[in-house]
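2 protein chains.
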Amino acid sequence: MEDVARLAGVSHQTVSRVLNAHPNVSAQTRERVEQAIRELGYRRNTAARSLVTRRSQTIGVLGSDMSHYGPANTLLGVQQAARDKGYFVSMASLNEVTPVAIQDALEYFMMQSVDGIVVIVPHEAMFESLSTISMAVPLVAVGFGVDERLSVAAVNQRMGASLAVQHLVDLGHTAIAHVSGPPDWIDAAARIDGWRRTLAQAELDDSVLIRGNWSAESGYRAGLELAAAGKVTALFAANDQMALGALRAFSEAGLRVPQDISLVGYDDQPEAAYLVPPLTTVNQGFKELGARCMQMLLFDMANGHSGASSVVNPRLVVRSTTAPPHTAR
Amino acid sequence: MEDVARLAGVSHQTVSRVLNAHPNVSAQTRERVEQAIRELGYRRNTAARSLVTRRSQTIGVLGSDMSHYGPANTLLGVQQAARDKGYFVSMASLNEVTPVAIQDALEYFMMQSVDGIVVIVPHEAMFESLSTISMAVPLVAVGFGVDERLSVAAVNQRMGASLAVQHLVDLGHTAIAHVSGPPDWIDAAARIDGWRRTLAQAELDDSVLIRGNWSAESGYRAGLELAAAGKVTALFAANDQMALGALRAFSEAGLRVPQDISLVGYDDQPEAAYLVPPLTTVNQGFKELGARCMQMLLFDMANGHSGASSVVNPRLVVRSTTAPPHTAR
DNA sequence: TCCCCCTAAGTTAGCGCTAACAATTAGCTT
DNA sequence: AAGCTAATTGTTAGCGCTAACTTAGGGGGA
Chain A
736 MEDVARLAGV SHQTVSRVLN AHPNVSAQTR ERVEQAIREL GYRRNTAARS LVTRRSQTIG
796 VLGSDMSHYG PANTLLGVQQ AARDKGYFVS MASLNEVTPV AIQDALEYFM MQSVDGIVVI
856 VPHEAMFESL STISMAVPLV AVGFGVDERL SVAAVNQRMG ASLAVQHLVD LGHTAIAHVS
916 GPPDWIDAAA RIDGWRRTLA QAELDDSVLI RGNWSAESGY RAGLELAAAG KVTALFAAND
976 QMALGALRAF SEAGLRVPQD ISLVGYDDQP EAAYLVPPLT TVNQGFKELG ARCMQMLLFD
1036 MANGHSGASS VVNPRLVVRS TTAPPHTAR
Chain B
736 MEDVARLAGV SHQTVSRVLN AHPNVSAQTR ERVEQAIREL GYRRNTAARS LVTRRSQTIG
796 VLGSDMSHYG PANTLLGVQQ AARDKGYFVS MASLNEVTPV AIQDALEYFM MQSVDGIVVI
856 VPHEAMFESL STISMAVPLV AVGFGVDERL SVAAVNQRMG ASLAVQHLVD LGHTAIAHVS
916 GPPDWIDAAA RIDGWRRTLA QAELDDSVLI RGNWSAESGY RAGLELAAAG KVTALFAAND
976 QMALGALRAF SEAGLRVPQD ISLVGYDDQP EAAYLVPPLT TVNQGFKELG ARCMQMLLFD
1036 MANGHSGASS VVNPRLVVRS TTAPPHTAR
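Protein chains in written order, with the numbering used here: chain A, 736 to 1064; chain B, 736 to 1064.
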C-alpha cells in the first residue's frame, strides 16, 4: 500500500480511502491512485484488514447430504450470493448429524472467526441441536420452521406441495397418491403435510401415502405398487427422481401419462423438462433462497440476532405429465 | 492472549510458544498456560496470526458440476482432508467452464490470500485454461493427466475401466459393450480408453460403444438398444446410475442379469450394493483422493511447485451382476 | 572454583491495514 | 479582509500475534 501511495504521490491513508470508497477523496486523486493500483497489481492484505476491522469477510456454511439435489443447490445458491456480496465462503460438511459433530464444526468456524454461519442440514435432529446452542455470531438456518430462537430462510414446502396437489384437484382428480422422502427430512415432512392439508381442504382421501427415499428406485417401486392397485388417477412425488422412477413404472405397467395417470414431481431439476413426457414439477428457486440467506445474515450481522424468517415461494411448472383424469385418447 | 498470560503468570510470548508447541517450555508452565486457556475459553486470532506468519491456513477449492457424484465426493474428500490437516476450505464454484469464469474465481482466491488451490473441474477445457495460467500459489488439479506444468492428483480411471473389463474377459465374455459419459469429461474419456485398451489386449472387438450422459435415463436407453441388438453378453457402464438404468432396461427386455448379460458399473455409490441384483462396480476412494490432494498441496506449499502427480488406484468390487456368459439357470 | 553453554523464560519490533485525530487549503460569509 | 466552515489530505497509534533478540538461571567440564 505504501508503494502504491508513493507512486500516486499520496499517503497510504488516501490509498486506503480510495479502496474503501470513502467520499472525501477528489476525483483526480482517486484516478491517480487507481492507476497506481492497476500498475502495480496491488491487492489489499485481507489479514491486516481483518485484524483492524474485526471482521473476516467470511461466512461459514455447514452442510450435510451434499449429494442430494436440494442441499447441493442451496449450497451453490448461498455461495453465489455470498460472493456477490463480497464475502468468502468457508465450508464444513457433516458426515453424521450428531450434537458432537455439529459442535465440532461450529467450533471450527469460530476458530476461523467467520462473520456469520449458514446451516444447510435438512434434518429434524439439526433443529433440536441448534436451538439449544447459543452462538457467538449470527446464524441463519435453511429450511427449518419458524422459531424465534433461530433466523430461518426457507422455501415454503407446504405451499409447494399445495400448488402441486391443488393443480391435480383443479384438473378434477379425486384420488391422489403421494410418494414422500424419508420423514426425518424436514422438507419431506412438510411436503407430506402440504399434500394432506390440500386434500383435506378438498375433502379428499389421503390414505395413499408411500414412503420413498428420494431415489428413482423407490419411485419406481411406488409406481409399480400404484399401478397394480389401480386406485388413484394421480401421483404427487416428493422429488423429480422419484417421479422419474414412477414414470418408468407406469410405462411398464401400460399406464399412459397423463391420459391414464397424472404425475407431478418436485425440484424442477434440469432434466425434468426433458423427460418423456416433460414433467410437471415444482421449482424451488435455490438462487433466490441463497440470496435471502445472505440478506438475512447481513441483517443479523448488522443488527444482532433477529430470529426473523424469510420464506421463498416455490413455483408450479406445468408441463405435460398432468391432465384431467381418464382423458380420452 | 495477554489475559491468558496474566492468569498463568507468564508473558504473552510464552503463551504463544505453548500454542505453537515450541520445545523450550517446561512441562509445568505448559500445563499452567493450557489451564488458563481452557479457563478463559481463549481462541487465537486468525487474522493477527496470518498477518505475521504470512499464511492464511486456508485453501481454495474450485469446483464445477457439484451435483454429480464424482465432483461432489471429491470436494467432500478434500474438505475433510484439509480440516484434518488444520486448514480451512474456501470454495468457489463455476457455473460455466470458461477462461473468464476461471480467471475470476482464481482472482477471488488470491484476494483471500489462500495458501493453495485445489481444482475439481473434470473437463478438458479446464486443463487447457490451467496450463496456460501461471499461479502465484501452489495448485493441485484433480483428475487430469500427468503434465509437468501441473501437480495432479487423480484416480487411475484407465485402470478402473481395465479392472472392470478384465473381470468380464476373465469370466469368458468376448462381446463387451460400453456406455460412456459425455466425452468432454476427462474421466469419461479415460474410461473409454481403458475399455478399448483392455479389449485390444484380449484381441476383442470394441465396436459397441454407446455415448451416454451419466443419467439413469441414458443408461436405460443404452440397455434397451443392446437388448434389442442382442450382440453382447456384457456391458460396462461408466457410472452406477447408467448401470441402474441398464439394469431396468434388461429386466424389461426379459434379459436376466447376470445369467443372460453381465453388468459392471462405476463409482460404487452407496446404493450400488442394494440394487437387485447387487451391482459389481468400481470403487474410486474419494477420501483417499482428497487426502492425496492435500498431501501434494502441502508438499508444493513447502517446496514450491512440483508438477508431481499422485494416482489413486481404484478397486473392483465384485457383487452379483457379473457371471460367465450364458450361464445355465 | 570459574567459565561457558544450554534451557526457559521475557522484551521489543513490526506484519499491513484502518480509525481517529490533526493539518492544510479553498471557499464563503459578514 | 478577517474569520469560519467544509473538503481534502497527512500523521499517529494500535489491532493480536510471532520472530528475533535479550536476559536470567542452572549444570558440567577444565
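The beta-carbon is built from N, C-alpha and C at its ideal position, and this holds for glycine as well.
Residue nearest to leucine 829(B) within the set Asp800(B), Ile852(B), Thr1056(B), Asn808(B) is Asp800(B) (criterion: CA-CA distance).
Only those residues of the segment 919-937 of chain A whose C-beta falls short of 9 angstroms from the nearest C-beta of chain B would be listed, and there are none. Along the length of the segment 804-870 of chain A, whole beta strand (DSSP E) runs at least 3 residues long occupy 823-829, 851-855, reported in chain order. DSSP links isoleucine 772(A) through a beta bridge to no other residue. Each residue's CA atom was taken as its position, placing proline 1012(A) and alanine 978(A) some 12 angstroms apart.
C-alpha of aspartate 1003(B) to C-alpha of glutamate 1023(B): approximately 14 angstroms in a straight line. For proline 1059(B), the closest C-alpha among the options Val824(B), Pro873(B), His902(B) is that of His902(B). Non-local beta-carbon contacts of serine 864(A) in its own chain, meaning distances under 6 angstroms to residues more than five positions away in sequence, involve Pro834, Ile837 in chain order. For alanine 972(A), the enclosing beta strand (DSSP E) covers residues 969-972. Per DSSP, threonine 749(B) is not a residue of any beta strand (DSSP E); the alpha helix (DSSP H) it occupies stretches across 747-754. For the pair proline 1005(B) and glutamine 976(B), the Cα-to-Cα distance works out to about 11 angstroms. Within the segment 845-871 of chain B, Met845, Met846, Gln847, Ser848 place their CB atoms closer than 8 angstroms to a CB of chain A, listed in sequence order.
Scanning Gly776(A), Thr933(A), Ala782(A) for the CA closest to the CA of alanine 871(B) turns up Gly776(A). The beta-carbon of threonine 1056(A) is placed no less than 8 angstroms from the nearest beta-carbon of chain B.
Using a 10 angstroms sphere on the CB of arginine 789(A), the tally of other CB atoms stays under 16, which defines it as exposed. Residue contact with chain A for threonine 1016(B): absent (no Cβ-Cβ distance below 8 angstroms to any residue of chain A). Around the C-beta of proline 918(B), fewer than 16 other C-beta atoms lie within 10 Å, and the residue is accordingly described as exposed. Contact residues of the segment 952-969 of chain B toward chain A are Glu952, Tyr955 (C-beta to C-beta distance below 8 angstroms). Chain-order list of chain A residues neighbouring arginine 991(B): empty, with the shortest C-beta distance near 16 angstroms, by a criterion of under 8 angstroms. It is roughly 29 angstroms from the alpha-carbon of proline 993(B) to the alpha-carbon of tryptophan 920(B).
For arginine 818(B), the neighbours in chain A by C-beta distance under 8 angstroms run, in chain order, Ala827, Tyr843. Methionine 826(B) places its beta carbon 8 angstroms or farther from that of valine 849(B). Inclusion of glycine 916(B) and tryptophan 949(B) in the CB contact set at 8 angstroms is warranted, their separation being smaller than that value. Contact of arginine 778(B) with chain A is assigned, a C-beta pair being separated by under 8 angstroms. The Cβ neighbour count for asparagine 1048(B), taken over all protein chains shown within 10 Å, is under 16; the residue is labelled exposed. In the DSSP secondary-structure assignment, valine 1052(B) is bridged to Thr1016(B). Taking 8 angstroms as the upper bound on Cβ-Cβ separation, chain A lies near no residue of the segment 759-775 of chain B. Contacts with chain A at 8 angstroms (Cβ-Cβ) do not include glutamine 1019(B). Residue nearest to phenylalanine 879(B) within the set Ile868(B), Met894(B), Pro857(B) is Pro857(B) (criterion: CA-CA distance). Between glutamine 814(B) and chain A, the shortest Cβ-Cβ separation is below 8 angstroms. No Cβ-Cβ contact shorter than 8 angstroms links leucine 934(B) with aspartate 928(B). Around the beta carbon of glutamine 763(A), fewer than 16 other beta carbons lie within 10 angstroms, which makes this residue exposed. Threonine 1056(B) is a Cβ neighbour of leucine 1014(B), given a cutoff of 8 angstroms.
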